[in-house]
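Residue numbers (the working numbering): 61 to 127. Ideal placement from N, C-alpha and C gives every residue a C-beta, glycine not left out.
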Amino acid sequence: MDERGITLLRQLISDMEGAPYPGVVDGELYTIWYEHAQSVAQEALEYLNTEHPDDYAKDSALENLDF
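Right under this line is the structure:
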């Protein structure tokens with residue numbers, strides 16, 4: 061993984077660790093955090109689609125997820 065990928069991964073982990081508990085903070089603070097986390101997640105997915113476009117098709121573990 062290149063430096064951009066590592067930076068995105070670190071940012072995603074940081075965002076998840078810093079997630080506010082919805083019942084503790086007001087709606088505005090939670091919305092700000094959520095929008096930021098969504099933006100970083102979208103950037104990370106775009107990076108993966110650009111840098112590793114064939115990996116999704118090869119990842120059979122994704123097919124076994126039960127939602």
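Inter-residue spacing [alpha-carbon to alpha-carbon] between residue i and residue j
i: V100; j: Q71; result: 7 angstroms
i: A97; j: D75; result: 6 angstroms
i: E63; j: T91; result: 29 angstroms
i: N109; j: M61; result: 13 angstroms
i: Y107; j: E95; result: 18 angstroms
Short Cβ contact (8 angstroms threshold) for residue i with residue j
i: P80; j: W93; result: yes
i: G65; j: E111; result: yes
i: L68; j: E103; result: yes
Residue i CB to nearest heavy atom of the ligand ADP below 7 angstroms
i: E103; result: The ligand ADP is not part of this structure, which contains no ligands at all.
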